[in-house]
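Asks:
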Amino acid sequence: MNAGPSNNPLSYFQPLFEPQAVAVVGASATAVNAGNRFIDSLIKSGFSGDIYPVHPKADLINGIPAYSSITQVPGQVDYSFVTVKASQVIPFLKEARGKVKFAQIMSSGFGESSHGLALEQELIEVARESGVRVIGPNCIGMHSPRGKLALIDGMMQTGGSIGFLSQSGGLSIDVLRRGKSLGLNFSGVVSLGNCADLGPNDLLEFFLADPNTKVIGMYLEHVRRGRHLFEQLKAANAKKPVIILKGGKTKQGQRAAASHTGFLVDDNRLWSAVIRQTGAIPADDLEALMNYFIAFQATDPSACVRAENIILFGNGGGTSVIATDQFAHHGLDVAPLDEGLAATLGNLKLPDGASIANPIDVPANILMRDKGVTACKIIDVIRNEDTAAALVVHLNLPVIAGYNQNDVITNLIEGTIKAQNSGSMLPPLYLVLRSDGDPITESLKTQFRQQAMNIGIPVFDELKDAAQVLAAHNRFMSFRSQRASLPI
Amino acid sequence: MQPTTIRNELIKAARDRSRASLDEHSAKLVLEGFRVSIPRGCRVSIADTDLAQLDNLNPPWALKIISPDIQHKSDGGFVALSLTDKDRVRQEIENMSGRALESGCAVDGFLVEEMANPGIEIIIGGFNDACFGPAIMFGLGGVFVEVLGDVAFRVCPINHLDAEDMIDELVGRRIFEGARGGVKADRQTLVELLLAVGGEDGLIVTMNSEIEEIDLNPIIVNGDQATVVDAVMILRKQGNTS
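Structural data, given as structure tokens:
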């Protein structure tokens with residue numbers, strides 16, 4: 004067994020997340036394959052370390068001098084990106100002994116199907132003998148802004164605070180692409196493939212220790228060392244939110260997982276137990292995972308309070324009523340405002356048609372008045388008067404778009420920033436931008452979403468998303484307050 | 598004798614006789630070593646016509662066969678309840694052993710116990726999950742577990758917050774508070790019982806290398822009394838202690 008990362012996961016995994024020397028094994032001299040695209044993307048991202056293409060015959064790959072074998076590469080290689088055929092992977096690993104720290108094997112033809120099981124077993128043994136730590140096989144790469152590694156060609160972002168590890172390559176791309184549209188920034192995304200050597204537990208160790216990472220997401224289909232994962236999560240004592248999206252839970256799902264990554268699947272009820280015992284956050288689908296990322300990217304759990312009393316503010320009477328029910332369904336209370344707050348709001352002397360009971364329902368025409376200044380005043384009052392509540396602001400964009408005053412949202416957002424900067428223990432503010440799907444509304448929504456997300460206001464599509472996320476946030480906070488002092 | 602010595606001897610005795618599980622009486626003695634209440638009772642042999650031990654037990658009694666070959670005792674008519682005199686006990690012993698031997702089942706003896714007071718039936722199970730290792734299950738007995746599947750699982754060891762959370766997870770938890778005017782189950786009693794079975798020093802963790810699966814079903818809870826009425830403990834196959 005190779006030495007594990009436990010002692011110092013940060014320095015152990017530094018060559019993977021911030022490689023100084025990268026070997027690309029399997030890029031083509033005549034065509035463009037994943038290896039060539041990876042080299043291109045390294046260059047585009049401004050990777051400043053050494054790139055060593057390895058090719059048996061070619062002198063140049065992507066215009067960079069190539070080496071006939073990994074043994075010919077000068078010096079140590081931190082990270083190898085390997086796309087050769089399955090049959091060439093083991094010879095490569097044997098040669099890489101003492102040379103390569105981490106090798107990510109994209110190649111398929113291993114344990115994901117029954118005829119590759121023996122080859123995968125051999126890969127595991129060879130990796131152990133050679134001391135090369137393997138990610139994969141059957142995966143698609145790494146996204147590591149700090150190391151200028153991009154999972155998707157040309158899609159490099161500034162480093163963020165979300166760490167994601169995935170036993171499905173496709174899903175890691177989905178998360179990155181959707182994340183980009185939603186205004187999410189990642190500290191790292193790792194596609195783990197079959198987890199022949201390094202698995203979710205190892206990368207979890209890194210993300211838990213990584214100071215850049217504030218929230219961790221995991222897409223899991225099969226975990227070999229479930230006990231160890233449980234103990235890791237328990238020892239972490241909910242210091243960071245860990246969101247678990249577990250595939251293969253129902254019987255149908257299990258069959259799909261068996262054919263997808265070639266593993267048997269665990270007992271669903273035990274996963275629920277692990278989640279309840281460790282304070283992890285379960286996500287039922289990709290949408291929920293993304294919504295939790297949105298919320299936790301924006302909030303620092305240690306500076307947050309539980310918010311059971313929710314103040315809803317926006318336009319749309321029926322929408323507010325339905326939302327109140329949805330919040331109640333999640334154990335959250337859209338309770339009447341306390342007298343002081345109601346009185347202060349009353350002093351604003353809002354026109355008829357606005358209801359300042361909770362939910363606070365302000366029709367669009369009033370919301371739009373003075374280019375949104377009235378709305379800003381309301382937000383300002385709520386955020387400064389009531390520190391125990393979360394404030395959910397919802398805007399029905401098609402109605403607002405009809406007024407052709409787009410600077411309203413800009414004003415609203417500026418008002419919110421002002422409110423955000425005015426006090427340290429403000430209630431969390433969630434923004435819900437509701438759209439009718441019309442292209443004009445959608446483009447407006449995209450613009451507003453980016454503006455808000457950029458200054459740390461989480462944005463959701465629907466009120467029910469905000470309700471689900473706030474409920475999960477509260478469960479996480481109560482776990483921390485209840486268990487933080489417990490012996491581990 | 599120390600509980601550890603007792604349980605080691607019981608397990609050795611079962612293994613020496615190539616038994617796959619502990620018999621009910623042995624299982625209950627093991628439970629007693631973890632401060633879990635069992636009914637007052639004694640083990641009697643077929644040959645014991647005098648039944649002198651019963652003088653120390655308050656009737657009514659429950660009589661159960663002890664046989665490695667009979668898994669579902671009550672289904673096969675190998676449990677007799679509410680017995681109040683020794684003659685009935687003798688009759689039942691004769692009847693049960695006759696039927697058991699006739700169908701080729703070994704008879705290791707009989708268990709006579711004081712009947713537990715009625716109360717809320719709960720079930721606690723323990724097992725080794727292939728992925729997560731030792732785990733505990735808890736639920737309300739009868740229709741709740743059989744029809745509704747209203748049970749909570751946890752990975753062991755559990756702490757007192759986990760135990761509380763297991764209780765709160767059950768859909769039928771209000772039964773414990775005496776719903777519809779019924780008896781109540783003291784919450785602290787349930788928590789202590791769960792910890793005795795699934796806690797750090799509990800049965801499942803302590804005996805993980807020896808016991809593959811346990812089934813305490815039913816446990817009858819009335820106020821702060823919780824009594825394990827039936828217990829199954831399946832031994833780990835030898836050479837398999839992973």
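Keeping their order, the protein sequence lines are chains A and B. In terms of the working numbering, the first sequence is residues 4 to 491. In terms of the working numbering, the second sequence is residues 598 to 839. Glycine included, each C-beta is placed from N, C-alpha and C at the ideal position.
If I measure Cβ to Cβ from residue 676(B) and keep anything under 8 angstroms in the same chain, skipping five residues before and after, which residues do I get?
Replies: What you label residue 676(B) is simply residue 79 of the second sequence in a count that begins at 1. Answer for residue 676(B): 659, 660, 661, 662 and 670, listed in chain order.
Asks: Taking all protein chains shown into account, decide if residue 269(A) is buried (16 or more other Cβ within 10 angstroms of its Cβ) or exposed.
Replies: For this step, residue 269(A) is matched to residue 266 along the first sequence. In this predicted model, residue 269(A) has a pLDDT of only 42, less than 50, meaning its place in the structure is not dependable; the value taken from the coordinates is given anyway. Residue 269(A) comes out buried.
Asks: So that I know if they touch, is there some Cβ in chain A lying closer than 8 angstroms to that of residue 782(B)?
Replies: Reading the second sequence from its first residue, position 185 is the one you call residue 782(B). Residue 782(B) does not count as touching chain A.
Asks: Looking at the strands, I want to know which residues DSSP matches up with residue 137(A).
Replies: Here residue 137(A) refers to the residue found at position 134 when the first sequence is read from its first residue. The partner list for residue 137(A) (beta bridge, DSSP) reads 106(A).
Asks: When you compare the CB positions of residue 241(A) and residue 750(B), do they come within less than 8 angstroms of one another, or not?
Replies: What you label residue 241(A) is simply residue 238 of the first sequence in a count that begins at 1. What you label residue 750(B) is simply residue 153 of the second sequence in a count that begins at 1. Cβ distance not < 8 angstroms, so residue 241(A) and residue 750(B) don't count as in contact.
Asks: Output yes or no for whether 8 angstroms exceeds the beta carbon distance between residue 720(B) and residue 816(B).
Replies: In the second sequence, residue 720(B) corresponds to position 123, counting from 1. In the second sequence, residue 816(B) corresponds to position 219, counting from 1. Cβ distance < 8 angstroms, so residue 720(B) and residue 816(B) count as in contact.
Asks: Compile a chain-ordered list of the residues in the segment 753-785 of chain B whose CB is closer than 7 angstroms to at least one CB of chain A.
Replies: Within the segment 753-785 of chain B, the residues whose Cβ lies closer than 7 angstroms to some Cβ of chain A are 756, 758, 759 and 762, listed in chain order.
Asks: Buried or exposed: which applies to residue 208(A), given that a residue is buried once 16 or more other Cβ atoms fall within 10 Å of its Cβ?
Replies: Translated into the one-based positions of the first sequence, residue 208(A) becomes position 205. Its Cβ being crowded by 16 or more others within 10 Å, residue 208(A) is buried.
Asks: Could you say if the segment 639-651 of chain B and the segment 687-704 of chain B meet the contact criterion of at least three C-beta pairs nearer than 8 angstroms?
Replies: Touching, per the Cβ criterion.
Asks: Let me see if you follow: with CB-CB separation under 8 angstroms, is residue 474(A) close to chain B or not?
Replies: Counting from one through the first sequence, the residue named residue 474(A) turns up at place 471. For residue 474(A), the answer is no, since every Cβ of chain B falls outside 8 angstroms of its Cβ.
Asks: By the three-class DSSP mapping on this structure, what secondary structure does residue 634(B) have?
Replies: Here residue 634(B) refers to the residue found at position 37 when the second sequence is read from its first residue. DSSP places residue 634(B) in coil when its eight states are reduced to three.
Asks: Could you tell me which of 401(A), 431(A) and 403(A) sits nearest to residue 387(A), measuring between CA atoms?
Replies: To locate residue 387(A), count along the first sequence from 1; it is residue 384. When each option's Cα is compared against that of residue 387(A), the closest is 431(A).
Asks: In this structure, does DSSP put residue 797(B) in helix, strand or coil?
Replies: Sequence index remark: in the second sequence, residue 797(B) carries index 200 (1-based). Note: residue 797(B) maps to coil in three-state DSSP.
Asks: For the segment 337-416 of chain A, which segments carrying the beta strand (DSSP E) assignment without a break, of at least 3 residues, lie completely within its bounds, in sequence order?
Replies: Within the segment 337-416 of chain A, the complete beta strand (DSSP E) runs of at least 3 residues are 393-399.
Asks: I'd like to know whether the C-beta of residue 233(A) is nearer than 8 angstroms to at least one C-beta of chain B.
Replies: For this step, residue 233(A) is matched to residue 230 along the first sequence. Residue 233(A) counts as touching chain B.
Asks: What are the residues of the segment 715-732 of chain B that lie near chain A, defined by any Cβ-Cβ distance shorter than 7 angstroms?
Replies: For the segment 715-732 of chain B, which is checked against every Cβ of chain A, the residues closer than 7 angstroms are 726, 728, 729, 730 and 732.
Asks: Quick check: the Cα distance between residue 411(A) and residue 371(A), rounded to an integer number of angstroms?
Replies: Within the first sequence, numbered from 1, the residue matching residue 411(A) stands at position 408. Within the first sequence, numbered from 1, the residue matching residue 371(A) stands at position 368. Roughly 7 angstroms separates the two Cα atoms.
Asks: Nearest to residue 292(A) by CA position, among 113(A), 71(A) and 463(A), is which residue?
Replies: The residue given as residue 292(A) occupies position 289 in the first sequence. Taking only the C-alpha atoms, the option nearest residue 292(A) is 463(A).
Asks: Provide the residue span of the alpha helix (DSSP H) that contains residue 327(A), from first to last.
Replies: By one-based count along the first sequence, residue 327(A) stands at place 324. First-last of the alpha helix (DSSP H) with residue 327(A): 320-332.
Asks: Would you grab the beta carbon distance between residue 627(B) and residue 604(B) for me? Rounded to a whole angstrom, and I think it's under 8 angstroms.
Replies: Working through the second sequence from its first residue, we reach residue 627(B) at position 30. Working through the second sequence from its first residue, we reach residue 604(B) at position 7. 5 angstroms between Cβ atoms; contact.
Asks: Given a threshold of 16 other Cβ atoms within 10 Å of its Cβ, counted over all protein chains shown, does residue 689(B) qualify as buried or as exposed?
Replies: Along the second sequence, one-based indexing puts residue 689(B) at 92. So residue 689(B) counts as buried.
Asks: State the Cα-Cα distance for the pair residue 61(A) and residue 109(A), rounded to the nearest angstrom.
Replies: If you number the first sequence from 1, residue 61(A) lands on position 58. If you number the first sequence from 1, residue 109(A) lands on position 106. Their backbone Cα atoms lie some 21 angstroms apart in a straight line.
Asks: For residue 755(B), name the three-state secondary structure that DSSP assigns.
Replies: As a first step, residue 755(B) is located in the second sequence; it is residue number 158 there, counting from the start. Coil.
Asks: Would you say residue 833(B) faces chain A, with C-beta separation under 8 angstroms as the test?
Replies: Taking the first residue of the second sequence as position 1, residue 833(B) is located at position 236. False, the Cβ-Cβ gap to chain A never drops below 8 angstroms.
Asks: Report yes if the C-beta distance between residue 294(A) and residue 366(A) is below 8 angstroms; otherwise report no.
Replies: Along the first sequence, one-based indexing puts residue 294(A) at 291. Along the first sequence, one-based indexing puts residue 366(A) at 363. Cβ atoms of residue 294(A) and residue 366(A): not closer than 8 angstroms.
Asks: Here's the rule I'm using: 16 or more other beta-carbon atoms within 10 Å means buried, otherwise exposed. How should residue 598(B) be labelled?
Replies: Taking the first residue of the second sequence as 1, we reach residue 598(B) at position 1. Per the 10 Å Cβ criterion, exposed.
Asks: Using a beta-carbon distance below 8 angstroms, is residue 751(B) in contact with chain A?
Replies: Looking up residue 751(B) in the second sequence gives position 154. Yes, contact with chain A.
Asks: Just list the residues that DSSP pairs residue 639(B) with in beta bridges.
Replies: By one-based count along the second sequence, residue 639(B) stands at place 42. According to DSSP, residue 639(B) bridges with 709(B).
Asks: Can you confirm whether residue 226(A), when its beta carbon is compared against all beta carbons of chain B, has any partner nearer than 8 angstroms?
Replies: As a position in the first sequence, residue 226(A) is number 223, starting the count at 1. It does: the Cβ of residue 226(A) has a partner Cβ on chain B nearer than 8 angstroms.
Asks: Of all Cβ atoms in chain B, is any one closer than 8 angstroms to the Cβ of residue 273(A)?
Replies: What you label residue 273(A) is simply residue 270 of the first sequence in a count that begins at 1. It does: the Cβ of residue 273(A) has a partner Cβ on chain B nearer than 8 angstroms.
Asks: In three-state DSSP terms, what is residue 421(A)?
Replies: The sequence position of residue 421(A) within the first sequence is 418, counting from 1. Residue 421(A): helix per DSSP, three-state reduction.
Asks: For a test of the three-state rule: what should DSSP assign to residue 661(B), helix, strand or coil?
Replies: Taking the second sequence and counting its residues from 1, one reaches residue 661(B) at position 64. Residue 661(B) falls in the strand class under three-state DSSP.
Asks: Pick helix, strand or coil for residue 726(B), following the three-state DSSP scheme.
Replies: Walking along the second sequence from the start, residue 726(B) turns up at place 129. Three-state result, residue 726(B): strand.
Asks: If you drop the 5 nearest sequence neighbours on each side, which residues of the same chain put their C-beta closer than 6 angstroms to that of residue 773(B)?
Replies: In the second sequence, the residue the question calls residue 773(B) occupies position 176. 782.
Asks: Any chance the CB of residue 451(A) is under 7 angstroms from a heavy atom of the ligand PLP?
Replies: Among the components of this structure there are no ligands whatsoever, and the ligand PLP is therefore not found.
Asks: Is the Cβ of residue 238(A) closer than 8 angstroms to any Cβ of chain B?
Replies: One-based indexing of the first sequence puts residue 238(A) at position 235. With 8 angstroms as the cut-off, residue 238(A) does not count as an interface residue toward chain B.
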